[in-house]
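Engineer:
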Amino acid sequence: MHPAKWTWNNIDRMRRQLRSMGAMFDWDREMVSCDPDYYQWTEWLFRRFFEGDIAYRGEAIVNWSPTLETVLANEQVIDGKDERTGQPVIQKKMKQWFFAITDYADELLDFSGIDWPEPVKAMQTNWIGRSEGAEVVFTTHSGDEIPVFTTRPDTLWGATFMVLAPEHPLVDTLTDPTHRAAVDEYRTAAAAQSELERMEADREKTGVFTGGYAINPVNGEDIPVWIADYVLLSYGSGAIMAVPAHDERDFAFARQFELSVVPVIRPEGAPPLDGATMTEAYVGPGTMVDSGPINGVPTTDAKGRANPSVAAAIDWLEEHDAGVEAVNYRMRDWLISRQRYWGTPIPMIYRQDGSIEPAQDLPVLLPEASTFTGGPSPLATDEAFLATTDSDSNPARRESDTMDTFMCSSWYPYRYLSPHHESAPFDPEEAAYWLPIDTYTGGAEHATMHLLYTRFFTKAMRDLNVFDDTIRLMEEHDRDPEGLFDEPMMQLRNQGQILGEERPGDRLVVAGAWNDGRFVAESVRVDDHAPEDAAPVVGELIRRTERTLQVATADGTVTVEVPNEAEVDVPGIDGINDVTQLRHHLEVQRMSKSKGNVVNPDELVERYGADTVRLYLMFAFDWEKGGPWDSRGIAGARRFVDDVWKIGTTEYLPGDATDDASLSLRRSAHQTIDKVDRDMSAFKWNTAVAALMTLRNDLLEARRTTAVSLEAWNEAVDTLLILLAPIAPHITEELWSRRGHDESVHLHAWPQADPDIAADQTVTLVVQINGKVRDRIDVDPNIDEDAAVTAAMGTERIKEWLATGEVRKVIARPPNLVNIVVS
RNA sequence: GCCCGGGUGGCGAAACAGGUAGACGCGGCGGUCUUAAACACCGCUGUCCCGCAGGGGCGUGGGGGUUCGAGUCCCUCCCCGGGCACCA
Numbered sequence: 006m007h008p009a010k011w012t013w014n015n016i017d018r019m020r021r022q023l024r025s026m027g028a029m030f031d032w033d034r035e036m037v038s039c040d041p042d043y044y045q046w047t048e049w050l051f052r053r054f055f056e057g058d059i060a061y062r063g064e065a066i067v068n069w070s071p072t073l074e075t076v077l078a079n080e081q082v083i084d085g086k087d088e089r090t091g092q093p094v095i096q097k098k099m100k101q102w103f104f105a106i107t108d109y110a111d112e113l114l115d116f117s118g119i120d121w122p123e124p125v126k127a128m129q130t131n132w133i134g135r136s137e138g139a140e141v142v143f144t145t146h147s148g149d150e151i152p153v154f155t156t157r158p159d160t161l162w163g164a165t166f167m168v169l170a171p172e173h174p175l176v177d178t179l180t181d182p183t184h185r186a187a188v189d190e191y192r193t194a195a196a197a198q199s200e201l202e203r204m205e206a207d208r209e210k211t212g213v214f215t216g217g218y219a220i221n222p223v224n225g226e227d228i229p230v231w232i233a234d235y236v237l238l239s240y241g242s243g244a245i246m247a248v249p250a251h252d253e254r255d256f257a258f259a260r261q262f263e264l265s266v267v268p269v270i271r272p273e274g275a276p277p278l279d280g281a282t283m284t285e286a287y288v289g290p291g292t293m294v295d296s297g298p299i300n301g302v303p304t305t306d307a308k309g310r311a312n313p314s315v316a317a318a319i320d321w322l323e324e325h326d327a328g329v330e331a332v333n334y335r336m337r338d339w340l341i342s343r344q345r346y347w348g349t350p351i352p353m354i355y356r357q358d359g360s361i362e363p364a365q366d367l368p369v370l371l372p373e374a375s376t377f378t379g380g381p382s383p384l385a386t387d388e389a390f391l392a393t394t395d396s397d398s399n400p401a402r403r404e405s406d407t408m409d410t411f412m413c414s415s416w417y418p419y420r421y422l423s424p425h426h427e428s429a430p431f432d433p434e435e436a437a438y439w440l441p442i443d444t445y446t447g448g449a450e451h452a453t454m455h456l457l458y459t460r461f462f463t464k465a466m467r468d469l470n471v472f473d474d475t476i477r478l479m480e481e482h483d484r485d486p487e488g489l490f491d492e493p494m495m496q497l498r499n500q501g502q503i504l505g506e507e508r509p510g511d512r513l514v515v516a517g518a519w520n521d522g523r524f525v526a527e528s529v530r531v532d533d534h535a536p537e538d539a540a541p542v543v544g545e546l547i548r549r550t551e552r553t554l555q556v557a558t559a560d561g562t563v564t565v566e567v568p569n570e571a572e573v574d575v576p577g578i579d580g581i582n583d584v585t586q587l588r589h590h591l592e593v594q595r596m597s598k599s600k601g602n603v604v605n606p607d608e609l610v611e612r613y614g615a616d617t618v619r620l621y622l623m624f625a626f627d628w629e630k631g632g633p634w635d636s637r638g639i640a641g642a643r644r645f646v647d648d649v650w651k652i653g654t655t656e657y658l659p660g661d662a663t664d665d666a667s668l669s670l671r672r673s674a675h676q677t678i679d680k681v682d683r684d685m686s687a688f689k690w691n692t693a694v695a696a697l698m699t700l701r702n703d704l705l706e707a708r709r710t711t712a713v714s715l716e717a718w719n720e721a722v723d724t725l726l727i728l729l730a731p732i733a734p735h736i737t738e739e740l741w742s743r744r745g746h747d748e749s750v751h752l753h754a755w756p757q758a759d760p761d762i763a764a765d766q767t768v769t770l771v772v773q774i775n776g777k778v779r780d781r782i783d784v785d786p787n788i789d790e791d792a793a794v795t796a797a798m799g800t801e802r803i804k805e806w807l808a809t810g811e812v813r814k815v816i817a818r819p820p821n822l823v824n825i826v827v828s
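Just so you know, we're using our numbering here: the first sequence kicks off at 6 and counts up by one.
(1) Kindly indicate which three-state DSSP category Phe143 falls into: helix, strand or coil?
(2) Using a Cβ-Cβ cutoff of less than 7 Å, which residues in the same chain neighbour Ala540 once the five nearest sequence positions on both sides are dropped?
(3) Could you please give me the residues that DSSP links to Gly134 through a beta bridge?
(4) Suppose the cutoff is 8 Å on Cβ atoms and the five residues either side in sequence are ignored; what does the same chain contact list for Ser147 look like?
(5) Drop a sphere of 10 angstroms on the beta-carbon of Thr155, count the other beta-carbons inside from all chains shown, and report buried for 16 or more, exposed for fewer.
(6) Out of curiosity, what's the CA-to-CA distance linking Val288 and Trp634?
(7) Once the 5 residues before and after Asp759 are set aside, which same chain residues still bring their CB inside 6 Å of it?
(8) Tell me which same chain residues have a C-beta within less than 8 Å of the C-beta of Pro272, skipping the five on either side of it?
(9) Under the three-state reduction of DSSP, which class applies to Trp102: helix, strand or coil?
(10) For Trp321, which residues of its own chain have a beta-carbon under 7 Å away from its beta-carbon, when the five flanking residues on both sides are left out?
(11) Considering only C-alpha positions, which residue in the set Asn68, Leu237 and Val269 is nearest to Ala250?
(12) Give me the Cβ distance between Leu620 and Val681, rounded to the nearest whole Å; I'm assuming they're in contact under 8 Å.
(13) Have a look at Arg588, Ile476 and Glu480 and flag the residue whose alpha-carbon is nearest the alpha-carbon of Arg530.
(14) Which residue marks the beginning of the alpha helix (DSSP H) containing Tyr613, and which one marks its end?
(15) Between the Cα of Leu822 and those of Asp761, Arg781, Lys100 and Arg802, spot the shortest distance and give me the residue it belongs to.
(16) Under 8 Å Cβ to Cβ from Thr90, same chain only, skipping five residues before and after it: list those, please.
(17) Assess contact between the region 605-612 and the region 553-564, defined as three or more Cβ pairs (one per stretch) separated by less than 8 Å. Is contact present?
(18) For Pro731 and Asp491, what's the separation of their Cα atoms in angstroms?
(19) With distance defined between alpha-carbon atoms, name the residue in Ala233, Asn221, Val223 and Asn224 nearest to Thr215.
(20) What does the alpha-carbon distance come out to for the pair Ala318 and Leu238?
(21) Would you mind giving the Cβ-Cβ distance between Ile825 and Val815, rounded to the nearest angstrom? I have them listed as a contact below 8 Å.
(22) Ignore the nearest five residues each way along the sequence and tell me which others in Met283's own chain have a CB closer than 8 Å to its CB.
(23) Taking Thr767 as the reference, give the member of Arg672, Asp647, Leu700 and Trp102 with the closest Cα.
(24) Kindly list the residues whose CB is nearer than 7 Å to the CB of Pro41, restricted to its own chain and excluding five residues on each side of it in sequence; keep chain order.
(25) In angstroms with no decimal places, state the Cα-to-Cα distance between Glu480 and Pro486.
(26) What did DSSP end up calling Ile342 once you bin it into helix, strand or coil?
(27) Please specify which runs of the alpha helix (DSSP H), each continuous and at least 4 residues long, are wholly inside the region 74-129, giving them in chain order.
(28) Pick out whichever of Arg701, Arg595 and Ala687 has its Cα sitting closest to the Cα of Asp647.
(29) Can you have a look at Ala281 and say buried or exposed, based on whether 16 or more other CB atoms are within 10 angstroms of its CB?
(30) Do you know offhand how far Pro418's Cα is from Asp295's?
(31) To the nearest angstrom, report how far apart Phe624 and Thr692 are at their CA atoms.
(32) Spatial neighbours of Ala385 within its chain, please: CB distance less than 7 Å, with the 5 preceding and 5 following residues excluded, ordered by chain position.
(33) Could you give the distance in angstroms between the alpha-carbon of Pro568 and the alpha-carbon of Arg512?
(34) Following the continuous alpha helix (DSSP H) through Gln45, name the residue where it begins and the one where it ends.
(35) Out of Gln586, Arg498 and Ala535, which one is the CA nearest neighbour of Arg552?
(36) Tell me the rounded alpha-carbon separation between Ile228 and Thr446.
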């Protein structure tokens with residue numbers, strides 16, 4: 006199917022689903038990022054990034070997914086596998102387009118001024134991976150310089166060898182003829198390995214000696230240079246100084262190849278380390294020894310200059326021109342080229358002279374493509390698309406790669422401001438009013454992709470003056486723009502995920518015979534109550550693949566083969582049964598089609614109604630946490646909706662109304678307003694619904710006793726409907742109108758709690774003896790300390806407790822608590 | 001290994017600021033209604049012990065501490081979820 010058709014179909018289905026759930030969006034602001042109306046501005050931003058030196062073309066070793074036939078960003082590779090298909094990714098050297106996100110690394114590490122969840126901040130910080138240390142230059146005997154990044158320049162005096170990544174460009178010149186064969190062989194082997202294999206934990210260290218030597222700049226000593234795959238070309242300079250005495254990896258390598266180990270840290274209050282007999286690297290604090298100028302300097306667990314020994318070493322290196330203080334990041338620049346058809350074209354042109362220039366004729370439209378072979382992108386061979394002219398009217402070629410889809414989502418909030426604005430990505434008037442985003446919600450799985458990219462985009466757009474008109478307009482409207490364009494979203498909240506429901510599998514009774522470790526079935530019968538010994542194999546069905554069953558029996562899991570001719574009997578299902586009708590055990594885990602544990606929202610809405618489904622989703626989970634679906638729990642939500650209907654349609658007639666009962670209902674209503682207010686602003690939807698259920702309970706009781714006035718009844722019912730409106734929009738609107746209100750419940754002013762009405766008339770005062778609750782009494786909320794103590798000491802039960810000893814101390818916290826210490 | 005979350009009844013979960021643990025709901029039990037089942041309605045429901053009753057002991061992953069008082073604060077350990085990881 007053509008991706009355009011597929012995409013638009015999905016959008017239609019999603020739109021229908023959202024509408025049926027009663028989602029309240031401003032549909033006038035809808036836009037679609039694969040529509041040229043939108044992506045022309047993505048291209049425009051790319052061109053702006055190119056002109057501002059944020060987008061650049063560079064050669065790098067990239068993650069290539071053979072399955073998808075495209076490169077992937079580092080963020081899209083998990084454990085060496087493509088995060089979408091789970092297939093291994095290989096390394097390939099290619100010229101691609103990058104965004105200089107690393108220029109913003111330090112700013113991206115600063116989260117001051119934004120209210121984001123701790124885990125997301127931690128993930129981004131982790132991802133960026135800033136480390137402080139020094140860059141030190143080692144010189145080889147042939148005169149080549151090898152810069153090395155280290156976080157521990159203080160241990161330079163203990164460096165006994167160097168290691169380069171196998172792909173390091175200097176390996177060739179360094180390698181001595183007598184070592185050439187071994188080095189070449191090792192490099193070939195390393196290249197053939199996937200990233201996945203290289204990352205396997207606890208592998209034995211491998212490597213070979215190049216035969217070359219470098220000079221340690223701090224003491225002029227010659228140290229051998231090795232190559233090994235535990236050094237990665239993509240981190241730092243692709244070369245390290247190895248200090249085996251104080252680094253676990255270097256230590257393992259040194260022992261493997263019998264290289265010397267020289268300790269330069271003496272642990273606090275312990276004898277000096279002996280390089281020959283150490284069994285593991287020492288990475289703790291102590292005092293520097295055998296380290297020339299920094300001898301005797303204390304070393305701590307602190308990072309960077311905060312560690313005195315590191316500070317001393319950096320100072321010495323800088324004074325002697327042997328190195329400089331340096332910061333290194335784990336994060337790489339963002340690779341945005343994709344070899345795919347379905348994406349935003351990269352609006353660049355290759356001139357005949359080999360230079361590159363941006364396309365001036367935006368938008369560069371994605372041509373209609375007729376064939377999708379699943380092979381290389383049709384753009385790469387589409388002559389009509391590729392052929393163009395440059396700014397001097399000479400024939401030129403278009404870039405055939407498209408952009409990573411995260412490009413589109415990195416700036417879409419700005420397009421929402423004015424999706425049809427024609428002269429810029431967004432209307433600065435709208436931006437001056439709305440920006441920045443107050444609250445944004447989404448899953449934490451976007452932490453190092455969408456959310457990090459979006460922060461980067463905003464900062465880059467700010468620096469490229471994209472917000473200048475907006476800033477000018479803000480000032481005209483007396484709004485201070487200072488700091489408003491440093492971050493896209495002021496508050497972020499992550500919603501949890503609804504997981505699949507746990508379900509027991511059928512209990513199977515299998516007759517048949519053992520054959521080569523497997524059990525071959527003659528018959529399979531479902532029987533929930535079969536005893537263990539009813540057949541050779543009896544137990545719960547855990548998993549089924551084709552005609553192979555995993556059955557959990559009393560003696561462990563048994564693999565059962567069910568031949569075609571075997572008889573299958575499922576009592577609940579008529580006719581001739583088949584293995585596919587057996588129900589297997591479902592664990593609590595993410596919903597997915599392949600696991601068969603998906604709860605379809607359309608079906609739920611069909612069965613229970615949109616209001617019930619919304620209410621249940623809000624009520625049953627901590628919104629930020631999520632959890633397993635419970636198909637029974639939704640009944641409670643439905644009961645609540647039914648009760649609200651009953652309450653809303655009741656023609657209430659007061660019976661023996663009392664002031665007490667009326668005030669009590671009013672108090673409940675006003676306390677509910679207060680609670681719902683607080684809970685909703687804290688994303689505590691579950692407790693907001695609980696508060697509304699409590700008000701429902703009070704209303705049902707009032708309806709039974711008819712002891713409240715009509716005014717109190719009406720106030721409480723209206724309050725319930727307004728507070729419930731955001732969660733159950735349909736039923737509240739209908740009841741609101743039936744109760745004779747003209748305007749929409751959704752437009753009605755949010756109620757205000759009256760503190761005088763909400764105030765409790767009496768509170769329960771807890772009386773403790775030695776911290777244990779021994780009695781409770783009702784008291785006036787304004788009771789003073791003396792009165793509270795007197796009342797507490799006066800109850801019969803407390804008197805008995807007081808008789809057991811002498812009062813040592815009385816702590817009073819009126820009106821809630823009096824604690825009497827008796828011994 | 002490092003960094004974040006988290007661990008509370010049979011289950012989903014509450015508990016503002018160190019002060020009544022378990023709100024609200026599910027499930028379960030008992031009852032009313034019904035020929036019956038379902039629905040609905042009423043009541044009970046942390047756990048153990050004594051009991052005719054009033055009660056009492058224990059209880060927020062384990063252990064220790066601070067405090068008149070700890071789910072909440074401190075130390076330590078265990079377990080679960082997520083992220084990063086031969087990152088120099």
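Glycine included, every Cβ here is placed at the ideal spot set by N, Cα and C. These figures come from a predicted structure and were not determined experimentally.
Structural biologist: Once the coordinates are examined:
(1) It is a strand residue.
(2) Excluding residues within five positions, the ones whose Cβ falls inside 7 Å are Val514, Val515 and Ala516.
(3) Gly134 is not bridged by DSSP to any residue.
(4) Closer than 8 Å at the Cβ level, and outside the excluded window around Ser147, lie Thr178, Leu179 and Gly217.
(5) With at least 16 other beta carbons inside 10 angstroms of its own, Thr155 counts as buried.
(6) Per the coordinates, the alpha-carbon of Val288 lies some 47 Å from the alpha-carbon of Trp634.
(7) Non-local C-beta neighbours of Asp759 in its own chain, meaning closer than 6 Å and more than five positions away in sequence, comprise His675, ordered along the chain.
(8) For Pro272, where only same-chain residues beyond five positions count, the Cβ hits under 8 Å are Leu278, Tyr287, Gly289, Pro290 and Gly291.
(9) If DSSP states are grouped into helix, strand and coil, Trp102 belongs with the strands.
(10) The beta carbon of Trp321 sits closer than 7 Å to the beta carbons of Pro298 and Ile299 from its chain, once the five residues preceding and following it are set aside; these are given in chain order.
(11) If we check each option's Cα against that of Ala250, Val269 comes out closest.
(12) About 13 Å separates the CB atoms of Leu620 and Val681; that is not less than 8 Å, and the two are not in contact.
(13) The candidate whose alpha carbon is nearest that of Arg530 is Arg588.
(14) First-last of the alpha helix (DSSP H) with Tyr613: Pro606 to Tyr613.
(15) Residue Arg781 is the option with its Cα nearest to Leu822.
(16) Around Thr90: Ser70, Thr72 and Leu73.
(17) No, they do not touch.
(18) Each residue's alpha carbon lies about 32 Å from the other.
(19) The shortest Cα separation from Thr215 among Ala233, Asn221, Val223 and Asn224 belongs to Ala233.
(20) Distance between Ala318 and Leu238, taken at the CA atoms: about 26 Å.
(21) Going by Cβ atoms, the distance from Ile825 to Val815 rounds to 5 Å, so yes, they are a contact pair.
(22) Taking Met283 as the centre and dropping the five residues before and after it, the same chain places the C-beta of Ala250, Phe256, Val266 and Pro268 closer than 8 Å to its C-beta, in chain order.
(23) Closest option to Thr767, Cα to Cα, is Arg672.
(24) Correct list, in chain order: Pro368 and Leu370.
(25) Our two residues, Glu480 and Pro486, have alpha carbons roughly 7 Å apart in a direct line.
(26) In the sequence under discussion, the amino acid at residue 342 is Ser, which differs from the Ile named in the question. Ser342: strand per DSSP, three-state reduction.
(27) Correct list: 110-113.
(28) Selected option, being the one with the closest Cα: Arg701.
(29) By the Cβ-count criterion, Ala281 is exposed, with fewer than 16 other Cβ atoms from all chains shown falling within 10 Å of its own Cβ.
(30) If you take the alpha carbons of Pro418 and Asp295, they lie about 58 Å apart.
(31) Between the alpha carbons of Phe624 and Thr692 lies a gap of roughly 7 Å.
(32) Closer than 7 Å at the Cβ level, and outside the excluded window around Ala385, lie Ser405.
(33) Answer to the nearest angstrom: the Cα atoms are 19 Å apart.
(34) Run containing Gln45: Pro41 to Glu56, per the alpha helix (DSSP H) assignment.
(35) Closest option to Arg552, Cα to Cα, is Gln586.
(36) The C-alpha of Ile228 lies about 54 Å from the C-alpha of Thr446.
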